[in-house]
Amino acid sequence: CEILKHMAIDGIDSSKFQSQVSLDGISQEEIVNIGYKELVFSAFSPTLPPKIVDQNPEDPLSEFNLAIEATVTKVSNQRFARAENVFSATIPKFDPELFCAMGKVMDSWESARHNEQEFDILEAGLKMPAKIQYVLISTKYHLGNQVEFVELYFKTVEKNEWILALPKLKLDGHSEIRVSLEENIKNLDVSDVRIHAFPDGGLTRVGLFGSNLPHELRPSFLPAEQAQCIRYTEEIPHTKKPLQLLYTPSEEEVEENVKQLINGQEFDALSLAYGGKLVSVTNEHYGPAAQVLSPYMPLSMHDGFESARSRVPGHKEILILKLCTPQVVHRIELDFTYFVNNNPRSVEIYGRLSDSSSWITIVMETNVKPFAANKKAFSVLCQEKLSEIKLVAIPDGGVNRVKAFAFHSGHGIKRKRIN
27 CEILKHMAID GIDSSKFQSQ VSLDGISQEE IVNIGYKELV FSAFSPTLPP
77 KIVDQNPEDP LSEFNLAIEA TVTKVSNQRF ARAENVFSAT IPKFDPELFC
127 AMGKVMDSWE SARHNEQEFD ILEAGLKMPA KIQYVLISTK YHLGNQVEFV
177 ELYFKTVEKN EWILALPKLK LDGHSEIRVS LEENIKNLDV SDVRIHAFPD
227 GGLTRVGLFG SNLPHELRPS FLPAEQAQCI RYTEEIPHTK KPLQLLYTPS
277 EEEVEENVKQ LINGQEFDAL SLAYGGKLVS VTNEHYGPAA QVLSPYMPLS
327 MHDGFESARS RVPGHKEILI LKLCTPQVVH RIELDFTYFV NNNPRSVEIY
377 GRLSDSSSWI TIVMETNVKP FAANKKAFSV LCQEKLSEIK LVAIPDGGVN
427 RVKAFAFHSG HGIKRKRIN
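Under the working numbering, the first residue of the sequence shown carries the number 27, and numbering increases by one thereafter.
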């Protein structure tokens, strides 16, 4: 700790270093990890997505929005986009080509996929206490990854307890809903607000308004049971250029690539370079699934398969991939390089025997969350030739590349091509 203090490294608050920690009730195998966490790592600033610097003009409603400049005091997860954005005074901005180390840059609050809790939490203190009468909730630019339901609580000046202000409300993607609160809520002197986002996802803006809201705007705010999500007429911008290197070889090029393989050489039998093909995919909402077979290194989240966020218990996404020719596969590799917060929770992998229509289990359900932004390889014990691979993503998520390695059994000249 003394060395770190002396180095004055940005992102480390040396005042939070501890000199001792209680180890009561901690098992022997956890002592070292807990000790480092409490004594050292608690002083490290969390890794956050970048702040929104290039902003749009102020929202016309911002001068009436009592949530502007609210201070975030607690947030359960802001891995994709910072919680503070939800209280921004500006019109949301979306650049389809802007990415960061955490994924797509969003001018919103967005949490990671696969929340293990029932909902994500955001708590914030208002700049000054106010009576809240109207609420505006926006999911602009979130389509397929928006929060599914939202619930609001208020804390008053008089009582240090949370009061339900807006019961659980269904949200649609890329839309806005305006709600007039119950009369008993409108009279509260609110100091803090708490948002429950079910189960996770993106929430672009939350506006809180009082008696200062212009009278001509009030009819657009309806009681919760009558309020409906209104889809924005503005289309979500698409990229002007591809975010991946597309590879579409001719049959002649594929044949030539295969000829370059040496007898006994390991190669990726799913690669487009050797004739691998995408047979089917259940959902490719954010990226072309065929890119998982590309021989090139991935460039971004869009360079691979990614589905929308699922909201149905037991949901699965399925990719069926055809090998160039039936092969004895000895290793399958999943590349999650650019899926930092949104790779699947777990996967299953099946193989179709070349002389049968039946599928055999190659990999039983396996947790792959720890391999976010990394690769995971599976040894394949089956010694029979496979014609197709079925990848099951549970419950959803993304992967940049899927590779199935085999040893070439043909003859070719002694030169390597794309591997």
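Backbone N, C-alpha and C define an ideal beta-carbon position, used for all residues, glycine too.
Start and end residues, beta strand (DSSP E) containing residue i
i, result
"residue 285", "Where residue 285 is concerned, there is no enclosing beta strand (DSSP E), although the alpha helix (DSSP H) it sits in stretches over 277-285."
"residue 420", "412-420"
"residue 393", "385-393"
"residue 189", "188-196"
"residue 100", "97-101"
Beta-carbon proximity check, residue i vs residue j, cutoff 8 Å
i, j, result
"residue 417", "residue 373", "yes"
"residue 167", "residue 118", "yes"
"residue 177", "residue 194", "yes"
"residue 269", "residue 361", "no"
"residue 165", "residue 228", "yes"
"residue 278", "residue 224", "no"
"residue 104", "residue 137", "yes"
"residue 300", "residue 318", "no"
"residue 434", "residue 254", "no"
"residue 271", "residue 307", "no"
"residue 91", "residue 199", "no"
"residue 349", "residue 302", "yes"
"residue 364", "residue 323", "no"
"residue 378", "residue 412", "yes"
"residue 112", "residue 231", "yes"
"residue 250", "residue 192", "yes"
"residue 315", "residue 293", "no"
"residue 354", "residue 375", "no"
"residue 415", "residue 370", "no"
"residue 126", "residue 75", "yes"
"residue 262", "residue 169", "yes"
"residue 265", "residue 122", "yes"
"residue 148", "residue 221", "yes"
"residue 132", "residue 107", "yes"
"residue 426", "residue 139", "no"
"residue 436", "residue 287", "yes"
Chain-order list of residues whose beta-carbon lies under 7 Å from that of residue i (same chain, five-residue window excluded)
i, result
"residue 183", "155, 215, 217"
"residue 88", "94, 115"
"residue 309", "333, 334, 343"
"residue 392", "372, 373"
Where the alpha helix (DSSP H) containing residue i begins and where it ends
i, result
"residue 401", "Element bounds for residue 401: not the alpha helix (DSSP H) but the beta strand (DSSP E), 401-405."
"residue 212", "209-212"
Beta-bridge partners of residue i, as assigned by DSSP
i, result
"residue 204", "162"
"residue 432", "293, 355"
"residue 424", "332"
"residue 221", "148, 178"
"residue 374", "418"
"residue 230", "Residue 230 pairs with nothing; no bridge assigned."
"residue 172", "228"
"residue 87", "DSSP output for residue 87 lists no bridge partner at all."
"residue 107", "136"
"residue 126", "129"
"residue 235", "160"
"residue 216", "156, 182"
"residue 379", "412"
"residue 116", "84"
Beta-carbon proximity list for residue i, same chain, < 8 Å, skipping 5 on both sides
i, result
"residue 29", "none"
"residue 405", "356, 357"
"residue 444", "Note on residue 444: pLDDT 49, under 50, position unreliable in the model; no value is reported."
"residue 157", "212, 213, 214, 215, 216, 236, 237"
"residue 2", "One cannot answer for residue 2 here, as it falls past the ends of the chain, which runs 27 to 445."
"residue 431", "292, 293, 294, 295, 355, 356, 357, 358, 359"
Beta-carbon contacts of residue i that lie in its chain and below 6 Å, excluding the five residues immediately before and after
i, result
"residue 98", "109, 110, 150"
"residue 338", "none"
"residue 402", "360, 394"
"residue 439", "Residue confidence for residue 439 is low, a pLDDT of 35 falling below 50, so the modelled location carries little weight and cannot support an answer."
"residue 449", "In the structure as shown, the chain begins at 27 and stops at 445. Residue 449 is therefore absent and cannot be evaluated."
Any non-hydrogen atom of the ligand ZN closer than 7 Å to residue i Cβ
i, result
"residue 374", "As for the ligand ZN, it is missing from this structure, which has no ligand bound."
Counting only runs of 3+ residues fully inside the segment 328-361, write out the beta strand (DSSP E) ranges in chain order.
343-353, 355-361
Where are the beta strand (DSSP E) runs, 3 residues long or more, that stay fully inside the segment 247-318, in chain order?
292-294, 303-307
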